[in-house]
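The structure under discussion appears below in the form of structure tokens.
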Amino acid sequence: MKAIVVTDQTAGTAGMTLAELPKPTPAGNDVLVEVFASGFTPDELTWPSSWTDRLGRVRTPSVPGHELAGVVAALGYGTTGLSVGQRVFGPTDWTRDGTLAEYAAVEARNLAPLPGDVDFKVGASLPISGLTAWQGLFQHGRLQVGQSVLVHGAAGGVGSMVTQLAREAGAHVIGTGRATHRQAAIDYGAQEFVDLEKDTWEDIGGVDLVFDVFGGDVGRRSAGLVQTGGTLVTIAGPPEVRPANGLAIDFVVESDRAQLGEIVQRVRDGRLRTNIGAVSALDDAVAAFNPTERVKGKTIIRVRP
Numbered sequence: 020m021k022a023i024v025v026t027d028q029t030a031g032t033a034g035m036t037l038a039e040l041p042k043p044t045p046a047g048n049d050v051l052v053e054v055f056a057s058g059f060t061p062d063e064l065t066w067p068s069s070w071t072d073r074l075g076r077v078r079t080p081s082v083p084g085h086e087l088a089g090v091v092a093a094l095g096y097g098t099t100g101l102s103v104g105q106r107v108f109g110p111t112d113w114t115r116d117g118t119l120a121e122y123a124a125v126e127a128r129n130l131a132p133l134p135g136d137v138d139f140k141v142g143a144s145l146p147i148s149g150l151t152a153w154q155g156l157f158q159h160g161r162l163q164v165g166q167s168v169l170v171h172g173a174a175g176g177v178g179s180m181v182t183q184l185a186r187e188a189g190a191h192v193i194g195t196g197r198a199t200h201r202q203a204a205i206d207y208g209a210q211e212f213v214d215l216e217k218d219t220w221e222d223i224g225g226v227d228l229v230f231d232v233f234g235g236d237v238g239r240r241s242a243g244l245v246q247t248g249g250t251l252v253t254i255a256g257p258p259e260v261r262p263a264n265g266l267a268i269d270f271v272v273e274s275d276r277a278q279l280g281e282i283v284q285r286v287r288d289g290r291l292r293t294n295i296g297a298v299s300a301l302d303d304a305v306a307a308f309n310p311t312e313r314v315k316g317k318t319i320i321r322v323r324p
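For the sequence shown, our numbering gives the first residue as 20, with consecutive numbering after it.
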């Protein structure tokens, strides 16, 4: 099968190539998925899990990408809950070969059924961004109706999902980003917008929940915006500064079939829009990993027509 592989951690994306690999064999409780569309995270080659397995052993050459939509091609021993020929989508394990390939072996529990009226490219854009937004808002942030939410990067791949889900849940949503992102953030549901480069943050006032995707100076300044009893939720690593009278939570997204079902249902009935910025073929995935221009939204790799 064709797959994108990386072999040298020091080379990063410069060592990424299109290669021929054997089709993976599904282990117990796995499914083999014929991949139709795949998603990736731009910085995943900096993750230790891209280069080693769960026991810390080097596993190169490795296949990047950890989101997919496709069709179940085979079942591993003892696998239940899915069937051959079924359309599925979801994230894959961080420490195994990923989804920038024609086939991927995935734990069945990571996947959810993909309805027939949802395009594969849309399905591949949902797992990490959608689950991150859902878990940050509702599991870790414990968002309630009427609360205020500050969403950093409100027009980005994750931020746009956070903005839409928070607005649907009855929150007052304040989006942030560059000035050029203002209209997109408003279109996704933000009721206010803050230009991170020019506006005065102190004018925001106290909020119940901050969803931070940037870390660094943005994360440090955000801690002071959390009002008493509020929460700073971040996916940018442990926060350097914590709210004086609130909580700070950093988390890594986890697969959840029920949550994937909630997310895709919202796409089907028009309550949630994906944020796909570019679509490239698998043969062009190396270039997609190294774009010459900034891509607004998520890049999806089309593995099959």
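Heads up, the beta-carbon is just placed ideally off N, CA and C, and yes, glycines get one too.
Please list the terminal residues of the continuous beta strand (DSSP E) segment that includes residue i.
i      : result
Met35  : 35-39
Ile295 : 295-300
Ile223 : Run containing Ile223: none; DSSP gives neither H nor E here.
Val24  : 21-25
Ala267 : 266-269
Alpha carbon to alpha carbon, how far is residue i from residue j?
i      : j      : result
Thr111 : Gly84  : 8 angstroms
Tyr96  : Glu39  : 26 angstroms
Gly155 : Val252 : 6 angstroms
Leu101 : Pro134 : 13 angstroms
Ile223 : Leu244 : 8 angstroms
Leu356 : Ala304 : The chain is shown from 20 up to 324; residue 356 falls before or after that span and cannot be answered.
Arg161 : Met20  : 44 angstroms
Val241 : Ala56  : It should be noted that the sequence gives Ser, not Val, for residue 241. Their Cα atoms are separated by approximately 36 angstroms.
Gly229 : Lys317 : It should be noted that the sequence gives Val, not Gly, for residue 229. If I take the Cα positions, the gap works out to 22 angstroms.
Gly234 : Gln166 : 23 angstroms
Arg321 : Arg76  : 31 angstroms
Asp227 : Gly248 : 7 angstroms
Leu150 : Thr293 : 13 angstroms
Ala143 : Asp214 : 30 angstroms
Ala124 : Thr114 : 12 angstroms
Asn264 : Val50  : 46 angstroms
Val177 : Ala152 : 6 angstroms
Gln163 : Ala188 : 7 angstroms
Thr36  : Phe139 : 24 angstroms
Pro61  : His191 : 30 angstroms
Asp288 : Val168 : 24 angstroms
For residue i, does the three-state DSSP call read helix, strand or coil?
i      : result
Ala185 : helix
Gly238 : helix
Ala46  : coil
His85  : coil
Gly249 : strand
Leu215 : coil
Gly58  : strand
Val305 : helix
Ile320 : strand
Thr311 : coil
Glu53  : strand
Leu244 : coil
Thr71  : strand
Leu228 : strand
Leu64  : helix
Exposed or buried, residue i, counting other C-beta atoms within 10 Å across all chains shown (16 or more means buried)?
i      : result
Ala300 : exposed
Thr311 : exposed
Ala30  : exposed
Lys217 : exposed
Leu338 : Since the first residue of the chain shown is 20 and the last is 324, residue 338 is not available in this structure.
Ala203 : buried
Thr219 : exposed
Asp275 : buried
Pro262 : buried
Thr195 : buried
Pro41  : exposed
Pro45  : buried
Glu126 : buried
Glu53  : buried
Pro258 : buried
Gly117 : buried
Asn309 : exposed
Glu221 : exposed
Ala198 : exposed
Val170 : buried
Over what stretch of residues does the alpha helix (DSSP H) that includes residue i continue unbroken?
i      : result
Val283 : 276-287
Ile193 : Run containing Ile193: none in the alpha helix (DSSP H); it sits in the beta strand (DSSP E), 191-196.
Ile205 : 201-207
I want to check one thing, is the minimum distance from the CB of residue i to the heavy atoms of the ligand SAM below 7 angstroms?
i     : result
Ser69 : Because no ligand of any kind appears in the structure shown, any question about the ligand SAM cannot be addressed here.
query: Which ranges would you report for the alpha helix (DSSP H) in the segment 98-177 if only whole runs of at least 4 residues count?
result: Within the segment 98-177, the complete alpha helix (DSSP H) runs of at least 4 residues are 139-144, 146-153.
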